[in-house]
Amino acid sequence: VTGSVSIIQDITKQKRTQEMLLQAKLAAEEASNAKSLFLANMSHEVRTPINTVIGMIDLTLDSQLNAEQKENLEVAKDASVNLLGLLNDILDLSRVEAGKISLEYIEFHLHNVAQSVVKGMSVLARNKNLETKLIVHKEVPQLVEGDPVRLRQVLVNLLNNAIKFTHKGTITAEIKVASQDGDDVIILFSVIDEGIGIPKSKQEKIFDIFSQADDSTTRRFGGTGLGLAISKRLTEMMGGRIWVESEEGRGSTFHFTARLKLGKHSSLASVNEMEFVDVDENALRERLKGIKVLLAEDNLVNQKIAVKVLEKQGWLVVAVENGQDAVDKVLHENFDVVLMDANMPILDGLEATKLIRDNERKTGKHVPIIALTARAMQDDKMRCLNAGMDGYVAKPINRKELFLTIGTIISKGREKDE
Numbered sequence: 003v004t005g006s007v008s009i010i011q012d013i014t015k016q017k018r019t020q021e022m023l024l025q026a027k028l029a030a031e032e033a034s035n036a037k038s039l040f041l042a043n044m045s046h047e048v049r050t051p052i053n054t055v056i057g058m059i060d061l062t063l064d065s066q067l068n069a070e071q072k073e074n075l076e077v078a079k080d081a082s083v084n085l086l087g088l089l090n091d092i093l094d095l096s097r098v099e100a101g102k103i104s105l106e107y108i109e110f111h112l113h114n115v116a117q118s119v120v121k122g123m124s125v126l127a128r129n130k131n132l133e134t135k136l137i138v139h140k141e142v143p144q145l146v147e148g149d150p151v152r153l154r155q156v157l158v159n160l161l162n163n164a165i166k167f168t169h170k171g172t173i174t175a176e177i178k179v180a181s182q183d184g185d186d187v188i189i190l191f192s193v194i195d196e197g198i199g200i201p202k203s204k205q206e207k208i209f210d211i212f213s214q215a216d217d218s219t220t221r222r223f224g225g226t227g228l229g230l231a232i233s234k235r236l237t238e239m240m241g242g243r244i245w246v247e248s249e250e251g252r253g254s255t256f257h258f259t260a261r262l263k264l265g266k267h268s269s270l271a272s273v274n275e276m277e278f279v280d281v282d283e284n285a286l287r288e289r290l291k292g293i294k295v296l297l298a299e300d301n302l303v304n305q306k307i308a309v310k311v312l313e314k315q316g317w318l319v320v321a322v323e324n325g326q327d328a329v330d331k332v333l334h335e336n337f338d339v340v341l342m343d344a345n346m347p348i349l350d351g352l353e354a355t356k357l358i359r360d361n362e363r364k365t366g367k368h369v370p371i372i373a374l375t376a377r378a379m380q381d382d383k384m385r386c387l388n389a390g391m392d393g394y395v396a397k398p399i400n401r402k403e404l405f406l407t408i409g410t411i412i413s414k415g416r417e418k419d420e
């Protein structure tokens, strides 16, 4: 060897580019996390005062009022509920757009979910003298795996839309199997109305954000145009698609598909998606007579509202203002159920629940714990359940939902003990 050749390459620019890309990635992740925290805090901070407004209206509606006072309060309650719906739509859409909504995969009773949704929406329909009908084809499996909460959300959006734009006739929800490959099954959902219909030129536009078929639609029927945009994104997340068939003046049929798996068990073990179909409320009320409830709520106004609502059921209520006091009470007294706010000082509801469950592993006891919280995102719900809670009710409190959730969970616990 008489010589050598050396090649020197300056990679300073390449290194600098890599560092810039890394910094940009970290900044994007930080911004995404900040947005998620902001959305969670917005959900809690806005829901808390709305919960107070709706709660106080409900309590006042139960008092002695003349016809004009009652009508005025019902208008105020409707406006508050509409405000809450708008908040939910904006937060949901923001989380979908940010990629912060993830689907859960649990086994659930598809027929019950559909029946529960249609039964719940029939109240709105009756207010407009409309009929509702549910058709479930015989080949549709009863038990499936998927996300019942998001499936329910799309169904509610479509039924609500149908009721809003229909003045007479029937709203029909129909469910059938589109295709099946082994355990994978694609379910086709259709919501059929006899309403005003949608012009062909507007049918693609209605799934866009803040879009409606006509600029006057908001003035005539209300709404923001977010429901269908959210439904489109949720449907795509569930491996399906959404579309509409309609003629102006002759009604509309909204279809969507969802990819699910066949269920593997004969009975449901999860309480994540509580179903209250055909519950005998009078029998349940009799069974729950005189129960002792521990309420952990740091907001004193909301605590006052909740105590009054619970005491109207004839229940004995003990109230505390933080998670540590809740733990101490459970350790020294017996309760039939604990209603636990998630966001409290000293010790939050999640940590309090974990401490209670840790102690129960030593004693063999189990007190039902139900989250009662303004943190209403799907991730918040899963955190509550993963901490050891038995159920979840979002604020503002729907009194019937709260009563049925408490009753169903306590009844299941008593059945296990018998």
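Read in order, the letters of the sequence shown are residues 3 to 420 in our numbering. C-beta atoms are modelled at their ideal positions from N, C-alpha and C, and glycine is treated no differently. The model shown is predicted, which means the values in this text are computed figures rather than measured ones.
In terms of residues, what are the limits of the alpha helix (DSSP H) holding residue i?
| i | result |
| --- | --- |
| R235 | L228 to M239 |
Tell me, to the nearest whole angstrom, how far the beta carbon of residue i is from that of residue j; I am working on the premise that it is less than 8 Å.
| i | j | result |
| --- | --- | --- |
| M391 | I372 | 6 Å |
| L161 | I173 | 6 Å |
| I194 | I200 | Not confirmed; about 13 Å, so no contact. |
| P370 | V329 | Their Cβ separation, rounded to whole angstroms, is 15 Å, which puts P370 and V329 out of contact at 8 Å. |
| I165 | K130 | 7 Å |
| N324 | M346 | 5 Å |
| F256 | L296 | Wrong, their Cβ atoms sit about 44 Å apart, outside the cutoff. |
| V319 | L312 | 5 Å |
| K263 | V146 | 6 Å |
In or out: residue i buried (at least 16 other Cβ within 10 Å) or exposed?
| i | result |
| --- | --- |
| N84 | exposed |
| A26 | exposed |
| Y394 | buried |
| N53 | buried |
| M123 | buried |
| A271 | Annotation note: pLDDT 36 at A271 (below 50); position unreliable, coordinate value reported separately. With fewer than 16 other Cβ atoms within 10 Å, it is exposed. |
| R289 | exposed |
| R243 | exposed |
| F167 | buried |
| I447 | Missing from the structure shown is residue 447; the chain here goes from 3 to 420 and no further. |
| D149 | buried |
| S218 | Confidence at S218 is low in this model, with a pLDDT of 47, below 50, so the placement of that residue should be treated as unreliable; the coordinate-derived value is given next. So S218 counts as exposed. |
| K234 | buried |
| E299 | buried |
| S248 | buried |
| K383 | buried |
| A29 | exposed |
| S82 | buried |
| Q182 | exposed |
| N114 | buried |
| V279 | Here the model assigns V279 a pLDDT of 45, short of 50, so the residue's position is not dependable, and the following value carries that caveat. Exposed. |
| K397 | buried |
| A69 | exposed |
| D327 | buried |
| Q144 | exposed |
| L112 | buried |
| T19 | exposed |
| G224 | Because the pLDDT of G224 is 49, which lies under 50, any placement of that residue in the model is unreliable, and the number read from its coordinates should be weighed accordingly. By the neighbour-count rule (16 or more Cβ atoms within 10 Å), G224 is not buried but exposed. |
| E141 | exposed |
| T14 | exposed |
| K17 | exposed |
Taking the continuous beta strand (DSSP E) assigned at residue i, which residues delimit it?
| i | result |
| --- | --- |
| L286 | Unbroken run through L286 is the alpha helix (DSSP H), E283 to R289; no beta strand (DSSP E). |
| E247 | I244 to S248 |
| R261 | S254 to L264 |
| V295 | K294 to A298 |
Which partner residues of residue i appear in the DSSP bridge assignment?
| i | result |
| --- | --- |
| G393 | I372 |
| T410 | Answer by DSSP bridge pairing: none, since T410 is not bridged. |
| G148 | I108 |
| K135 | T174 |
**Report entry** Residue ranges of each beta strand (DSSP E) within the region 305-390, 3 or longer
**Finding:** Counting whole runs of 3 or more residues, the region 305-390 contains the beta strand (DSSP E) stretches 318-322, 339-342 and 371-375.
Which runs of the alpha helix (DSSP H), 4 residues or longer, sit entirely within the region 58-123? If you keep only unbroken alpha helix (DSSP H) runs of at least 4 residues inside the region 58-123, you get 69-99.
Within the region 153-209, ranges of the beta strand (DSSP E) (whole runs, at least 3 residues)
Within the region 153-209, the complete beta strand (DSSP E) segments at least 3 residues long are 172-183 and 186-194, listed from N- to C-terminus.
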